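Here the protein sequences line up with chains A and B, keeping their order. Take 179 as the starting number for the first sequence in this note's numbering and just add one per residue. Take 179 as the starting number for the second sequence in this note's numbering and just add one per residue.
2 protein chains.
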Amino acid sequence: MSRETPTRGRRPKRGRTRQALMDAALDLVAKKAPFSSLSLREVTKRAGVVPTAFYRHFPDMSALGLTLLDESFRTLRQMMREVRQQELPNERMIRGSMETFFTYVRNNRTHFLFVSKELYGGSATMRQAIRREIRLFVSELAMDMARFPFLVRVNAEDLQMMASLVVNSVVALTQEMLELDEDDEAGQHEMLIMAEKQVRLIYFGVAQWRSDTPPRT
Amino acid sequence: MSRETPTRGRRPKRGRTRQALMDAALDLVAKKAPFSSLSLREVTKRAGVVPTAFYRHFPDMSALGLTLLDESFRTLRQMMREVRQQELPNERMIRGSMETFFTYVRNNRTHFLFVSKELYGGSATMRQAIRREIRLFVSELAMDMARFPFLVRVNAEDLQMMASLVVNSVVALTQEMLELDEDDEAGQHEMLIMAEKQVRLIYFGVAQWRSDTPPRT
DNA sequence: CCCGTTTGTGTACAGTTGTGCACTTTATAC
DNA sequence: GTATAAAGTGCACAACTGTACACAAACGGG
């Protein structure tokens, strides 16, 4: 017998444990509770590792959470940047953006579930971090909209307001979509249609807007 | 000495303990974690009661949660119904509705914090219950909008879509407002202004809408 | 090949959790 | 006033929590 190894110190798996911990956390979030109510021991057990091994990779659970958050948004930011560089916005473009975004959500379901549950239910620092990311999307969208010819006379504040309306709506629909069963194709398609219509409707409103319209504040 | 009471069985306080438990839970939610991550013992301790006393009033924590949820929405539904019975919608009415709604939120901060944190972070049944309530608001708003003269040609599905856009936006802004410090008057006012503008903008879009507009599907 | 560093293990411990049980107190109905 | 039900108490216990510590294994550079 070559190596019927002794009683202690099992598998090598080098740096893979860290990733295993992250995956385990996402798994548990997807099929159980929000991240903020996971226990360190649950995660390590799921990852097939002894509890104390956790500390070799993260000082505590909240550090894991922030890492997960970063992982969740990094690729998304990049994708959005690419989408943004396409042609100028028109009705076809709205549809296209929504499609690519929602398929992205679908392909990264666990990450979005994680974020969705922490947005309002997580720790203070977690919530802040997420809202910072969202505000970033809003600002970038506002900058894009500033280039619309029919929006040149809209002031910066109102541009932010419009962009946040769009983003908030898409976020809400995303969260609703995540509540659907993973393979409810029909339901997911419905959400996509709805998102496209809502954004289109907003753009109708935007086209009508004058920054000095209303009953003077 | 009249009554330097013995060692056991303290204060009477009759049926008030149940309410004390509910208040304790809301308190903890407001200044700590989401309800779903509260422990039974925490709540009873805060309520000034021994842990096992809890079971005299609720079978378990999730029952408390559902009771709290009911309490949160009952008065809100009633208020919305009253608001709804006012005059037909116009721009002044949008402003008025937003004002009464947001002052209501302000006066019931803890309840809304509770709901906000459970919306996506709570248990499955809790989330479902909340979304049911929200869908109810959407449907009622859609019915109201059906009476707008310029919306008679919009089909039912699109009416729902529009109503859900309005409701989702207000919900999102409400949640953002709840993140502000309780006595950040300026910030809260800003949210109100923003909400009014967003809803007004949506109505601009609605006025332009035709249910058969788009690139066929 | 050897030796230091990183990574993973096992044991231990004090704190907290939900809940069962037998008990006392309080409220209420007669 | 006295009996009965409802509400509150105290104790116990097994399960689970985060983390400190000393040790073992694997890795990687020399």
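Glycine included, C-beta positions come from ideal geometry on N, C-alpha and C. All figures in this text were calculated on a predicted structure; none of them were measured in a lab.
- Around the C-beta of residue 293 of chain B, 16 or more other C-beta atoms lie within 10 Å, and the residue is accordingly described as buried.
- Each residue's CA atom was taken as its position, placing residue 212 of chain A and residue 300 of chain B some 8 Å apart.
- Contact annotation: in the region 322-352 of chain B, residues whose CB is within less than 8 Å of a CB in chain A are 336, 339, 340, 342, 343, 346, 347, 349, 350 and 351.
- Sixteen is the threshold: since fewer than 16 other Cβ atoms of the shown chains lie within 10 Å of the Cβ of residue 219 of chain B, the residue is exposed.
- The Cβ atoms of residue 276 of chain A and residue 374 of chain A sit closer than 8 Å to each other.
- Following the DSSP letters along the chain, one finds residue 317 of chain B inside the alpha helix (DSSP H) bounded by residues 302-323.
- Among the residues of chain A, those whose CB is under 8 Å from the CB of residue 380 of chain B are 343, 379, 380 and 383, following chain order.
- Residue burial is scored here from C-beta neighbours: residue 377 of chain A has at least 16 other C-beta atoms within 10 angstroms and is therefore classed as buried.
- Chain B has no Cβ within less than 8 Å of the Cβ of residue 264 of chain A.
- Three or more Cβ pairs closer than 8 Å define a contact, and the region 351-359 of chain A falls short of that threshold against the region 358-367 of chain B.
- Secondary structure of residue 248 of chain A (DSSP, three-state): helix.
- In chain A, no part has a C-beta under 7 Å from the C-beta of residue 209 of chain B; the shortest such distance is about 11 Å.
- Cβ contact annotation for residue 246 of chain B (same chain, cutoff 8 Å, sequence separation greater than five): 200, 203, 204, 213, 289 and 292, in chain order.
- Taking all protein chains shown into account, residue 383 of chain A has 16 or more neighbouring C-beta atoms within 10 Å of its C-beta and is therefore buried.
- Check the Cα spacing between residue 340 of chain B and each of B:358, B:315 and B:359: the tightest is with B:315.
- The C-alpha of residue 317 of chain B lies about 23 Å from the C-alpha of residue 359 of chain A.
- Here the alpha carbons of residue 362 of chain B and residue 309 of chain A stand approximately 18 Å from one another.
- A Cβ-Cβ contact shorter than 8 Å links residue 262 of chain A with residue 322 of chain A.
- Residue state for residue 375 of chain A is assigned as helix, using DSSP reduced to three classes.
- Identification of chain A residues near residue 217 of chain B by a Cβ-Cβ cut-off of 8 Å yields none; the smallest Cβ-Cβ distance measures about 11 Å.
- Residue-level contact by beta carbon fails for residue 388 of chain B and chain A, as no gap is shorter than 8 Å.
- Ranked by Cα distance from residue 231 of chain B, the first of B:193, B:249 and B:207 is B:193.
- The Cβ neighbour count for residue 241 of chain A, taken over all protein chains shown within 10 Å, is under 16; the residue is labelled exposed.
- Chain B has no Cβ within less than 8 Å of the Cβ of residue 366 of chain A.
- A Cβ-Cβ contact shorter than 8 Å links residue 226 of chain A with residue 198 of chain A.
- No residue range can be given for residue 233 of chain A, since it is assigned to no alpha helix (DSSP H) and is classified by DSSP as neither H nor E.
- DSSP, reduced to helix, strand and coil, places residue 327 of chain B within a helical segment of the structure shown.
- Interface flag for residue 357 of chain B against chain A is set, since a Cβ pair is found closer than 8 Å.
- Residue contact check for residue 237 of chain B against chain A: no CB pair falls below 8 Å.
- The Cβ of residue 372 of chain B sits closer than 8 Å to at least one Cβ of chain A.
- Counting the other CB atoms within 10 Å of its CB gives residue 342 of chain A a total of 16 or more, which places it among the buried residues.
- Residue contact check for residue 305 of chain B against chain A: a CB pair falls below 8 Å.
- Distance check between residue 195 of chain B and each of B:223, B:287 and B:208 places B:223 closest, using alpha-carbon atoms only.
- Taken through DSSP and simplified to helix, strand or coil, residue 205 of chain B comes out as helix.
- The residues 195, 196 and 199, in chain order, have a CB closer than 7 Å to that of residue 235 of chain A in the same chain once the five nearest residues on each side in sequence are set aside.
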